[in-house]
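Colleague: Numbering (my numbering), first residue to last: 95 to 677.
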């Protein structure tokens, strides 16, 4: 009996070993110290001045190279199969050869930077497709300020797949998914290695994404265990294609072979007061104010309601799950929804067809690429600009307060012991993005005109003498009653009520919310969605708590018309509001 018990314990322990990341470590102690803010800044920044934000942006605009991106992509697809469980011994094929190639690339950049950029593997053990030992690859650029010890990750996964999730023998070039994201990360490491930033930048290439986000999960787990202060995660996945497939995971493209080369989607979790959505808004602001004036082809950064495409996921999610601000960049158009088990699936994503391009004139050279190099380069510049500003910007103010100042006007007062006297005030109403960002200088308070709305969501940031903003603070919510702006719980309003929904013109989902000053006793609560005639079409469960309570309603791409949504408690309809979709 004792032997059986011992055997069962061993089997349980083995199962735990097979189902969780263990033995997490960076192979470079120097890189590990930089992630934890334990490095000596003088070693990496001796004689270097702090990067000028305008110069960094201008250099990214001219320095990110389509030719360089093409070389990286061609090298990557030449490994044939980069499945997480693929060959680790061959020097020319498989995941082992691919990750050694990335590491050597980071090594060379480190040498070119005089040792400032530190290459490292990140090792972990987990049973994935028959392999138990795995390696992410990092290049760490230590920050010059170790007071806050903050880290910004720019990442993309290198592993590829074809129809079988663990098929290690098929042709799985994975050009769009996700050689495009890996090339973007590697190119930014090349372009940003010589700058001196306040906070540490990590250029990270992960594996195990296709089997369950395992590489990113291992790093996120390590950051949590070691107390690493992750300021932001910018994940890049399927970021270079511009052609719509016959299928596509919504919200995506509306028709086969349609082209979109001027829009990129920013996915993140949450709604009201979400640090992930605030990160996306910050990225868009930096693009519009810093980079867009330098560009010949303006890009549209579409803030998406959902954390990812419907039924899909990415490497930003493990970081968000541990409380770190994280988001995902993805092309506006995807060539497929990864439905490889569906009869007749003919798109490229998750198939042997996800190659770099085709040779249309049989001269041995790919002359029609599925990854659009100009589009990929523009997305790289957006990433680099946002990461640079995150690495240069100050911290948000400590606190702030908002008061009504008459109809259509608000007064914002900022508590800031550092006496910065340089602030940005962001105001949001019924959209995911800010309606207006005001600038306040030379004072702790200011009064601003705002557009008429039922509610205002307000956050603040500091900016330094070079004009770089901090991330914006948590949002404060204020409601309008009798034509005046009032704090969260005016007596005229019921203690629990529906909030305006927040659709996105390019989205397939909308956030439906309930604000509760206090939560009445109840057994069950849900939001019911109905047609304009009152015919129920969806029931979304709610766990009510004081403050904002939001659920994501996925209505489908291209939905139009008038719909109703209602708060229901214990079978009784409390309130109903109207929403209009006009995609």
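Quick reminder that beta carbons are idealized off the backbone N, C-alpha and C, glycines included.
Are residue 477 and residue 282 touching if we call contact CB-CB under 8 Å?
Modeller: On the chain shown, residue 477 is found 383 positions in, with the first residue counted as 1. On the chain shown, residue 282 is found 188 positions in, with the first residue counted as 1. Cβ atoms of residue 477 and residue 282: closer than 8 Å.
Colleague: What are the partner residues of residue 685, as DSSP defines its beta bridges?
Modeller: Because the chain in this structure spans residues 95 to 677, residue 685 falls outside the shown range and cannot be described.
Colleague: Quick check: what's the CA-CA separation for residue 252 versus residue 505?
Modeller: Looking up residue 252 in the chain shown gives position 158. Looking up residue 505 in the chain shown gives position 411. Near 49 Å, if we compare the C-alpha coordinates of residue 505 and residue 252.
Colleague: I'd like to know whether the C-beta atoms of residue 355 and residue 431 end up nearer to each other than 8 Å.
Modeller: As a first step, residue 355 is located in the chain shown; it is residue number 261 there, counting from the start. As a first step, residue 431 is located in the chain shown; it is residue number 337 there, counting from the start. Contact: no.
Colleague: Sorted by chain position, which residues of the same chain lie with C-beta nearer than 7 Å to residue 302's C-beta, five sequence neighbours on each side aside?
Modeller: Taking the chain shown and counting its residues from 1, one reaches residue 302 at position 208. Here the set comprises 178, 222, 228, 253, 308, 309.
Colleague: Name the residue from 597, 211, 668, 602 whose alpha carbon lies nearest to the alpha carbon of residue 621.
Modeller: Against the chain shown, residue 621 aligns to sequence position 527. Among 597, 211, 668, 602, the Cα nearest to that of residue 621 is on 668.
Colleague: Check whether the Cβ atoms of residue 366 and residue 571 lie closer than 8 Å to each other.
Modeller: Looking up residue 366 in the chain shown gives position 272. Looking up residue 571 in the chain shown gives position 477. Taking 8 Å as the Cβ cut-off, residue 366 and residue 571 qualify as a contacting pair.
Colleague: When you compare only the Cα positions, how much space is there between residue 392 and residue 210?
Modeller: Along the chain shown, read from residue 1 onward, the residue named residue 392 stands at position 298. Along the chain shown, read from residue 1 onward, the residue named residue 210 stands at position 116. Looking at the two C-alpha atoms, the distance is approximately 33 Å.
Colleague: Classify residue 512: buried if its beta carbon has 16 or more other beta carbons within 10 angstroms, exposed otherwise.
Modeller: For this step, residue 512 is matched to residue 418 along the chain shown. With fewer than 16 other Cβ atoms within 10 Å, it is exposed.
Colleague: Span of the alpha helix (DSSP H) holding residue 635?
Modeller: Against the chain shown, residue 635 aligns to sequence position 541. Premise fails: residue 635 lies in the beta strand (DSSP E), 630-635, not in any alpha helix (DSSP H).
Colleague: Look at the Cβ atom of residue 475, then the Cβ atom of residue 158, and state whether they are nearer than 8 Å.
Modeller: Counting from 1 along the chain shown, the entry for residue 475 is found at position 381. Counting from 1 along the chain shown, the entry for residue 158 is found at position 64. Yes, the pair counts as a contact, with Cβ atoms nearer than the cut-off.
Colleague: Using only CA atoms, which one of 323, 243, 435, 214 lies nearest to residue 258?
Modeller: For the purposes of this step, residue 258 is taken as the residue at position 164 of the chain shown. Minimum Cα distance to residue 258 is reached at 435.
Colleague: What are the boundary residues of the alpha helix (DSSP H) that residue 120 is part of?
Modeller: Within the chain shown, the letter at position 26 stands for residue 120. Note, residue 120: premise wrong, no alpha helix (DSSP H); beta strand (DSSP E) at 116-120.
Colleague: Given residue 139, which residues of its chain have a CB within under 7 Å of its CB, disregarding the five upstream and five downstream residues?
Modeller: Counting from 1 along the chain shown, the entry for residue 139 is found at position 45. Here the set comprises 238, 290.
Colleague: Count the C-beta pairs between the stretch 265-285 and the stretch 439-457 that are closer than 8 Å, then say yes if the count reaches three, no if not.
Modeller: Touching, per the Cβ criterion.
Colleague: Would you list the residues sitting across from residue 642 in a DSSP beta bridge?
Modeller: The sequence position of residue 642 within the chain shown is 548, counting from 1. Residue 642 is bridged to 609.
Colleague: Between residue 250 and residue 330, which are expected to be in contact by the criterion C-beta below 8 Å, what is the C-beta distance as a whole number of angstroms?
Modeller: Start at 1 with the first residue of the chain shown, and residue 250 comes out as number 156. Start at 1 with the first residue of the chain shown, and residue 330 comes out as number 236. 4 Å between Cβ atoms; contact.
Colleague: According to DSSP, is residue 543 helix, strand or coil?
Modeller: Taking the first residue of the chain shown as position 1, residue 543 is located at position 449. In this structure, residue 543 counts as strand in the three-state DSSP scheme.
Colleague: Out of curiosity, what's the CA-to-CA distance linking residue 636 and residue 394?
Modeller: Locating residue 636 in the chain shown gives position 542, counting from the first residue. Locating residue 394 in the chain shown gives position 300, counting from the first residue. When rounded, the distance between both Cα atoms is 33 Å.
Colleague: Go through its chain and collect everything with a Cβ distance to residue 368's Cβ below 6 Å, but skip five positions before and after it.
Modeller: By 1-based counting over the chain shown, the position of residue 368 is 274. For residue 368, where only same-chain residues beyond five positions count, there are no Cβ hits under 6 Å.
Colleague: Taking C-beta to C-beta, are residue 373 and residue 426 nearer than 8 Å?
Modeller: For the purposes of this step, residue 373 is taken as residue 279 along the chain shown, with counting starting at 1. For the purposes of this step, residue 426 is taken as residue 332 along the chain shown, with counting starting at 1. In this structure, residue 426 does not lie closer than 8 Å to residue 373 by Cβ.
Colleague: Which whole-angstrom value is the C-beta distance of residue 439 and residue 566, which I expect to be below 8 Å?
Modeller: Counting from 1 along the chain shown, the entry for residue 439 is found at position 345. Counting from 1 along the chain shown, the entry for residue 566 is found at position 472. In fact, because the Cβ distance is near 42 Å, the residues do not count as touching under 8 Å.
Colleague: Using CA coordinates, which residue listed in 644, 673, 657, 666 is at the minimum distance from residue 363?
Modeller: If you number the chain shown from 1, residue 363 lands on position 269. Looking at the Cα atoms, 644 is the closest of the given residues.
Colleague: Report yes if the C-beta distance between residue 473 and residue 358 is below 8 Å; otherwise report no.
Modeller: By 1-based counting over the chain shown, the position of residue 473 is 379. By 1-based counting over the chain shown, the position of residue 358 is 264. Contact flag set, yes.
Colleague: Got a sec? Which residues, its chain only, sit under 7 Å from residue 407 by beta carbon, not counting five neighbours each side?
Modeller: By 1-based counting over the chain shown, the position of residue 407 is 313. 307.
Colleague: What first and last residue would you give for the alpha helix (DSSP H) that runs through residue 250?
Modeller: The residue given as residue 250 occupies position 156 in the chain shown. From DSSP, residue 250 is part of no alpha helix (DSSP H) but of the beta strand (DSSP E) over 244-251.
Colleague: Between 602, 639, 160, which lies nearest to residue 619 when the distance is taken from Cα to Cα?
Modeller: For the purposes of this step, residue 619 is taken as residue 525 along the chain shown, with counting starting at 1. Of the listed residues, the one whose Cα sits closest to residue 619 is 639.
Colleague: Using the beta-carbon count (16 or more within 10 Å), is residue 656 buried or exposed?
Modeller: Numbered from its first residue, the chain shown carries residue 656 at position 562. Answer is exposed; the Cβ neighbour count stays below 16.
Colleague: Going by Cα to Cα distance, which pick from 385, 333, 304 is closest to residue 465?
Modeller: Position 371 of the chain shown, counting from 1, holds the residue named residue 465. Minimum Cα distance to residue 465 is reached at 333.
Colleague: Between the stretch 198-208 and the stretch 114-134, are three or more C-beta pairs nearer than 8 Å?
Modeller: With a cut-off of 8 Å, the stretch 114-134 and the stretch 198-208 do not count as touching, because too few Cβ pairs lie within range.
Colleague: Could you spell out where the alpha helix (DSSP H) holding residue 323 opens and where it closes?
Modeller: Against the chain shown, residue 323 aligns to sequence position 229. Element bounds for residue 323: not the alpha helix (DSSP H) but the beta strand (DSSP E), 323-330.
Colleague: Quick check on the DSSP output: the beta strand (DSSP E) that includes residue 311 runs from which residue to which?
Modeller: Indexing the chain shown from 1 puts residue 311 at position 217. No beta strand (DSSP E) holds residue 311; the alpha helix (DSSP H) holding it covers 308-320.
Colleague: Just the Cα atoms here: how many angstroms apart are residue 244 and residue 492?
Modeller: Position 150 of the chain shown, counted from the first residue, corresponds to residue 244. Position 398 of the chain shown, counted from the first residue, corresponds to residue 492. Answer to the nearest angstrom: the Cα atoms are 18 Å apart.
Colleague: For residue 429 and residue 561, which I take to be in contact (beta-carbon distance under 8 Å), what is that distance rounded to the nearest angstrom?
Modeller: Counted from its first residue, the chain shown places residue 429 at position 335. Counted from its first residue, the chain shown places residue 561 at position 467. Actually they do not touch by this definition, with Cβ atoms about 39 Å apart.
Colleague: So, for residue 340: in the same chain, excluding its five sequence neighbours on each side, which residues have a beta-carbon less than 7 Å away from its beta-carbon?
Modeller: Here residue 340 refers to the residue found at position 246 when the chain shown is read from its first residue. Cβ neighbours of residue 340 beyond the five flanking positions: 350, 440, 441.
Colleague: CB-CB under 7 Å to residue 142, same chain, minus the five flanking residues each way: which ones, in chain order?
Modeller: As a first step, residue 142 is located in the chain shown; it is residue number 48 there, counting from the start. Hits under 7 Å: 290.
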